[in-house]
Each structure stands twice: as structure tokens, then as C-alpha cells.
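So the sequence shown is residues -22 to -1, 1 to 347, counted in mature numbering (1 follows the signal peptide of the UniProt record, and there is no 0). Don't be surprised by glycine CBs; every beta carbon is placed ideally from N, CA and C. Below is one structure, written out as C-alpha cells; comments come after it.
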Amino acid sequence: MDIRRPLRLFSFLVAWSGLAWAGACGGSALQAADWMMQLSVDGRMVEGKVLVAQKDEVVMLLRDGEIVRFPPQKASDYRKTQSRFQAWSQSEMRGQLLREFGRGFEVSGAGNYLVVHPAGQRNLWAARFEELSRSFAMYFSARGFPLQQAPFPLVAIIFPTHGDFARAAARSGIQVSQGVLGFYSPTSNRILMYDVTAGNATASAWYINAETVIHEAVHQTAFNTGVHNRLAPQPRWLVEGLGTLFEAPGVWNSRAFPKRSDRINKYRLEAYRKYAAGRREADAIAGLVSDDRLFQTDPEGAYAEAWALTFYLSENQPRKYAELLERAASRPDFKPYTGAERLRDFQSIFGTNLPLLDAQMQRFMATLR
């Protein structure tokens, strides 16, 4: 059915009675069923399903996994295309990426990964991303944490220089400094990074590429397998704690590095000890759990604290740690997660005596070498 009459988008969505009223977004909203529609937003043609529609904003999930937000009045030429949402297949996604990036880039695939990279680096990237994704699945499977099947092909974009990377990030509304090597965007569902070795796979600097791949692939896999929730605010310490946890070779490659000492992130441990010796507050756990501000005011300390708490909980209370991940991931879509709620959820699992938990964590950290 093709609808091209001058209906307002919100009225069009109401008319397609697969939408139900919901209050998840803080006010009257329409929550969509699973059918797909196509429309133009500021001249860009998109296709997907509506997640939430309010009179001042529509949120759509596109077939490639991107989440877009726009005022309804910005939309035109809307029509229903399918009765059920269908993500792009690997071949459809590959074709779209080739059209998007054009000459100078190739698209390589391994497992569920598609990696856009400079031409001539076919064997360099995709297998490494897929290896990390498998290691992630093995880690959680061994701990009884069921993972969902990723609903979309996982996409990573590798740029040849930092300048190319920074310009691409800016086009998506993200400003990156010279020290930023890459990031995963829950909005686009893509990893963007650049090759610090300039295509030289044997360069000693390759390990920096590897560290970036590990950290960002963990974020992407977690947000696509149900460990985190792209549609519900997640405590940043949970997200970054998991990413830094996997930076240690004993976590992402436990077969080759089976000892507990291999699971210690030596860089984060050193950073944590410096942080704990000077800047760390007495109520650091409560502050980290309930508020993300430390990541703006003291990023190095925040990452160190997030790693330390995550490593302590995953090593000593793994079932409770998994329960906390599940609790955060099961939050209602688009509903704010207040500091009081975050702290209450944490204490309902680990107890209300946070000074005792802190003392136990400090004793544990002192034993690490």
C-alpha cells in the first residue's frame, strides 16, 4: 500500500492501527508494532520500523540497525512496505556498504562481521573482529549467561588515517580528539576506527589496533546480544567496565592465557592504584554506580574504577554480576534510569553495606600482581 497523500506522519501512524499508546517516553506516545515503512527525512530515504512516535519526535529502527530520531514534520513520502520488520541480510548490507564507501575501500566478511577497510587489507580485519565476538560468546556461555542472536550484521569501518576517521565521526555528530583511536556508536550500531599502522600488519604499533578492536568489539557485541540494551539507558560503568575487562588477554583469549593473572588488566590496575592513592573518594562505589559524571570530570579515574569494580565482581561474585547486567538490560526502552534506581538495583543484588563491599574489593585489589 502506497500512501503519498499530505497526511501528517503522526496521523498516518495512528491510522495504521498496529500502534498502541504507551507512556515510556515521558508523555503520550505511540509504540509501534513490527511492520515496516519507508519515508524520506530531510531528503534521505530510510526504511525500518517505528519504535516510538510522539507528536514532537519519531524514533525508528532502520534495516541496517541504525536508530534515527526526527520531528514528524520532517518526514514525507511515507508508505508501509512490509507487514513484518526484516533486517538487511549480509549480502544486502555488503552491497549498501560498497555503495556508501565506494572506491578505495573493500568489504570483508567473517561470521557475522562485515568490515569496511582500505583496499588491499582483506585478510587483516574481519577475522579479528569475529574472533573477539566468539570469545565474548564463550566467556558468557561459560558463566551461564544466555546470549541473544545478533539481529543485524555487525559492521566496523576502518579508515586509513585519523583525519579520515575524525571527519567521518564529525558527520555523525561526534567530535573526536587526536588521542581517540575508535569508538562504537549504539546509535549507528557501527564501530568507527582508523589503522594506526597505515596498513603495515607487521608494525610494532599493530597492538594498538588490536586493543581498540577488542574494546570496541566488546561494546558492539554486548549491545547486540542482550548483555546491554541499545534502547534503554545503561550505567556507563557497566558498559566501560566490561570493555576494559576484555582488554586482558586472559579474558578474550582464555585458551591461550588460562591463568587468573592473565585476566588482570595490568594497565588498568596501575591506573587504579594511582587513583586510589590520591583522588578516590570514600563513597566511590556509590558514586560510580549511581552517576556517570566521573567519566566527564576524571575519565582516567572513572575507567580505572569501572574496571576494578567489574573485575572484582566478575571474579568473586560472577552470578550476581550477571544478574546486575540482566537487570540493566531489561530496563524499559527509552525510560530514564535515575541514580536512585541504579543504586537501589545494585544494592538489591550486592547488599546495602557498600563500605564493607569496598573494603573487600580493596583487599582483593591489593593481592593482584
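Run of the alpha helix (DSSP H) containing residue i, from where it starts to where it stops
{"i": "valine 205", "result": "Run containing valine 205: none; DSSP gives neither H nor E here."}
{"i": "lysine 252", "result": "244 to 256"}
{"i": "leucine 102", "result": "Here leucine 102 belongs to no alpha helix (DSSP H), and DSSP marks it neither H nor E."}
{"i": "isoleucine 45", "result": "Where isoleucine 45 is concerned, there is no enclosing alpha helix (DSSP H), although the beta strand (DSSP E) it sits in stretches over 45 to 48."}
{"i": "lysine 298", "result": "296 to 307"}
{"i": "serine 326", "result": "317 to 328"}
Residues sharing a beta bridge with residue i, DSSP
{"i": "proline 96", "result": "Phe83"}
{"i": "serine 54", "result": "Ser18"}
{"i": "glutamate 25", "result": "Gln16"}
{"i": "leucine 272", "result": "Its beta-bridge partners do not exist; DSSP assigns none."}
{"i": "residue 369", "result": "Outside the shown range of the chain (-22 to 347) lies residue 369, about which nothing can therefore be said."}
{"i": "alanine 88", "result": "Tyr91"}
Distance CB(residue i)-CB(residue j) smaller than 7 angstroms
{"i": "valine 94", "j": "phenylalanine 107", "result": "no"}
{"i": "glutamine 126", "j": "threonine 59", "result": "no"}
{"i": "phenylalanine 324", "j": "valine 267", "result": "yes"}
{"i": "alanine 176", "j": "leucine 110", "result": "no"}
{"i": "aspartate 12", "j": "arginine 47", "result": "no"}
{"i": "phenylalanine 123", "j": "alanine 300", "result": "yes"}
{"i": "leucine 102", "j": "isoleucine 135", "result": "no"}
{"i": "arginine 41", "j": "glutamine 16", "result": "no"}
{"i": "leucine 159", "j": "threonine 190", "result": "yes"}
{"i": "glutamate 225", "j": "tyrosine 281", "result": "no"}
{"i": "glycine 317", "j": "aspartate 269", "result": "yes"}
{"i": "glutamine 198", "j": "alanine 306", "result": "no"}
{"i": "valine 154", "j": "alanine 146", "result": "no"}
{"i": "glutamine 68", "j": "proline 131", "result": "yes"}
{"i": "alanine 104", "j": "serine 119", "result": "no"}
{"i": "glutamate 44", "j": "serine 232", "result": "no"}
{"i": "tyrosine 250", "j": "alanine 286", "result": "yes"}
{"i": "isoleucine 327", "j": "leucine 303", "result": "no"}
{"i": "valine 30", "j": "valine 37", "result": "yes"}
First and last residue of the uninterrupted beta strand (DSSP E) at residue i
{"i": "serine 163", "result": "160 to 163"}
{"i": "tyrosine 172", "result": "168 to 172"}
{"i": "valine 133", "result": "132 to 137"}
{"i": "valine 37", "result": "36 to 40"}
Per-residue DSSP class, three states only, for residue i
{"i": "glutamine 60", "result": "strand"}
{"i": "leucine 125", "result": "coil"}
{"i": "methionine 343", "result": "helix"}
{"i": "alanine 65", "result": "coil"}
{"i": "alanine 226", "result": "coil"}
{"i": "alanine 337", "result": "helix"}
{"i": "valine 154", "result": "coil"}
{"i": "aspartate 311", "result": "coil"}
{"i": "tryptophan -2", "result": "Because the pLDDT of tryptophan -2 is 41, which lies under 50, any placement of that residue in the model is unreliable, and the number read from its coordinates should be weighed accordingly. Strand, per DSSP."}
{"i": "asparagine 187", "result": "helix"}
{"i": "residue 353", "result": "The question about residue 353 has no answer here: the residues shown for the chain are numbered -22 through 347."}
{"i": "threonine 175", "result": "coil"}
{"i": "residue 353", "result": "Past the edges of the chain, shown from -22 to 347, lies residue 353, and the structure says nothing about it."}
{"i": "glutamate 259", "result": "coil"}
{"i": "asparagine 331", "result": "coil"}
Contact test: residue i Cβ vs the ligand ATP heavy atom, cutoff 6 angstroms
{"i": "proline 310", "result": "For the structure depicted, the ligand ATP is absent and the ligand set is empty, with no information on it obtainable."}
Interface flag, residue i vs chain B, CB-CB below 7 angstroms
{"i": "alanine 104", "result": "The question asks about chain B, but that chain is absent: this structure has only one protein chain."}
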